[in-house]
Amino acid sequence: MKIDNQAVLDRFSGMIRFATVSNPDPEKMDYEEFYKFHRYLEETFPLIHQHLEKEVVSRASLLYRWKGDGSSNRLPIALIAHQDVVPVGEESQWEHGPFSGDIDDTYIWGRGTLDTKCQISAQMEAVEHLLAEGYTPPCDVYLCYGHNEEVMGAGISGAKEIVKLLESRGVRLGCVIDEGGAVVNGTMFGIPQNIATVGLAEKGHADFELSVTDAGGHSSAPGKGTALGKICRAGAAIEANPFPQRLIDVVAGTVAAIGPAMGPQVAAMAADPKTYAGQILAVLDQAPTTAAMTRTTMALTMASGSAQSNILPERATLTVNCRLLPGDTLESVKAHIQSVVGPEITVTLVKGNDPSPESPSDSPEFALLKEVTMEKFPGAIFAPYLMVGGSDSRNYYPICDNVFRFAPFVADDATLPTTHSVNERMLKDGFANAVEFYVEIIRRYGSC
């Protein structure tokens, strides 16, 4: 198979030039920018738009169906990503324009290069390539591209509406591959090899508002305490009473995969994670990024009191952002917070969702993903992991058991931190490899 990396990059560069920024208020989104992006896709991938069924869902999400020839009884596969991007922040801090799509000797620059127009590009390139070869899949292939993932589906979630539409048609998927994991270097774990991380589950997300009322008044006569003082003590109590650590199965799988590369002592623990759970949790607790995989986290992020300095607040509030470890629920987290802060504080769930189910690591679909990944990224360690952020993929569990989060790109220490930050960029080498990855996934899926 011959894929021209530069040609793919040039077409991808064009995708970055559309400012498909989502907004928590659906009425403030510039849908025309999304429609321009759609027209660019039509022009860039003519065979897809000639042979696949296309639908626009919930104003700007895209659903493509590549009808199989029926020679396999496999359930369909869906390759998914999202079109929307986050705001650019301070534009003057960008070395290249945030929607330039500039390509230099090392990187391609712009908002959406990492998150996640790279996947839309590679997936559509793969389908276009196969169509040019005259290939027809043995079972249906879907391409699903939401338009408001970055605002967690504010308003009407495009991804949820796609799933509802498929469900109403009786469609059940055999496999979903979305964003989440990637090929990263192993420095976080102190090993030299790259790690191909595949997300099998996602933590839940919740914002809780803590509030308390008081008499208020003038600051010259404050009495023995204020509403703000009470809410601050509640916040201190939350920080002093974190959730206990737990070694869940998917994280034990991460340790089992990576442990052998970390020396004989860790390898021994990794081979029997249940017996050595205490030691493993102690190691993971040493860095915030790995500690987050071992407990439900609670972060104090916003507070409010009175409108000016000489007024005692009649009401004070505190926002606690929580990321829920599988096994915890919105109800159990609320109960924990209430027990910590006491009955005087009102705890209200503002918004949130429970953790996702865990996808299996012993299915033929997972084995296929591992097989193709190891071929395209030789020498990397293939490791399941828990995704601490959120993605559209969580919406697909009602119609699919095998939901995997993996982008076939290398994200190094220079590029990975630019996700949602200024100077978002990704390595320009490897795009052809990513296209080949999706080509092989599609080719082999029908017989795995």
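For the sequence shown, the UniProt record's numbering begins at 1 and goes up steadily by one.
We put the CB at the ideal spot given by N, CA and C, even for glycine.
Cα-Cα separation between leucine 165 and serine 393, rounded to whole angstroms
15 Å
Proximity winner among Thr329, Glu43, Pro222, Thr319, relative to valine 347 (alpha-carbon distances):
Thr319
Around the C-beta of methionine 302, are 16 or more other C-beta atoms found within 10 angstroms, so that it is buried, or is it exposed?
exposed
For glutamate 42, count the other beta carbons within 10 Å of its own beta carbon; 16 or more makes it buried, fewer makes it exposed. Which is it?
exposed
Inter-residue spacing [alpha-carbon to alpha-carbon] between arginine 111 and isoleucine 441:
27 Å
Note the first and the last residue of the continuous alpha helix (DSSP H) segment covering phenylalanine 366.
364–376
Complete beta strand (DSSP E) runs within the segment 34–109 (minimum length 3 residues, chain order)
53–57, 61–66, 77–82, 107–109
Helix or strand or just coil, what does DSSP make of leucine 165?
helix
Taking 8 Å as the cut-off, decide whether the C-beta atoms of isoleucine 191 and methionine 293 are in contact.
no
Environment of isoleucine 108 [buried if 16+ CB atoms lie within 10 Å]
buried
Can you tell me whether methionine 188 is buried or exposed? The criterion is at least 16 other CB atoms within 10 Å of its CB, across all chains shown.
exposed
Would you report the Cα separation of glutamate 239 and glutamate 55, rounded to the nearest angstrom?
47 Å
My parser needs the beta strand (DSSP E) runs of 3 or more residues fully inside the UniProt domain "Peptidase M20 dimerisation" (201–342); what are they?
204–213, 297–304, 315–324
Beta-carbon proximity check, serine 219 vs asparagine 310, cutoff 8 Å
yes
Closer than 7 Å by C-beta to valine 255: which residues in its own chain qualify, once you throw out the five before and the five after it? Chain order, please.
Ala270, Pro273, Ile280
Taking C-alpha atoms, which residue in Ala206, Ser157, Leu52, Ile103 lies nearest to asparagine 395?
Ser157
Rounded distance between the beta-carbons of serine 359 and alanine 201, thought under 8 Å:
7 Å
Give the straight-line distance between the Cα atoms of leucine 368 and tyrosine 40, rounded to the nearest whole angstrom.
32 Å
Rounded to a whole number of angstroms, what is the C-alpha to C-alpha distance between lysine 376 and glycine 253?
22 Å
Per DSSP, lysine 351 forms a beta bridge with which residues?
Asp207
What's the gap between the Cα of arginine 116 and the Cα of glutamate 179?
Residue 116 is actually threonine in this sequence, not arginine. Roughly 7 Å between the two C-alpha positions.
Quick check on DSSP: helix, strand or coil for valine 176?
strand
Endpoints, the beta strand (DSSP E) within which alanine 380 is located:
It is not in any beta strand (DSSP E) - alanine 380 carries neither H nor E in the DSSP assignment.
Could you have a look at alanine 407 and say whether DSSP puts it in helix, strand or coil?
strand
Tell me where the alpha helix (DSSP H) around valine 127 begins and ends.
117–132
Extent of the continuous alpha helix (DSSP H) to which leucine 9 belongs:
5–16
Among Gly223, Pro357, Ser121, Val266, nearest to alanine 7 - alpha-carbon criterion
Ser121
Assuming tyrosine 445 is part of the beta strand (DSSP E), what are its boundary residues?
Element bounds for tyrosine 445: not the beta strand (DSSP E) but the alpha helix (DSSP H), 431–445.
Which term fits valine 350, buried or exposed, when burial requires 16 or more other beta carbons within 10 angstroms of its beta carbon?
exposed
Can you check DSSP and say which residues form a bridge with cysteine 144?
Leu63, Ile80
With DSSP collapsed to three states, give me the class of asparagine 194.
strand
Host beta strand (DSSP E) of methionine 152 (start-end):
Neither: methionine 152 is in no beta strand (DSSP E) and is coded neither H nor E.
Could you tell me the boundaries of the beta strand (DSSP E) in which methionine 1 lies?
Methionine 1 -> no beta strand (DSSP E), and no H or E assigned at all.
Secondary structure at alanine 182, three-state DSSP: helix, strand or coil?
strand
For threonine 44, which residues of its own chain have a beta-carbon under 6 Å away from its beta-carbon, when the five flanking residues on both sides are left out?
Arg11
Proximity to valine 151 [Cα-Cα], best of Met374, Gly352, Cys400
Gly352
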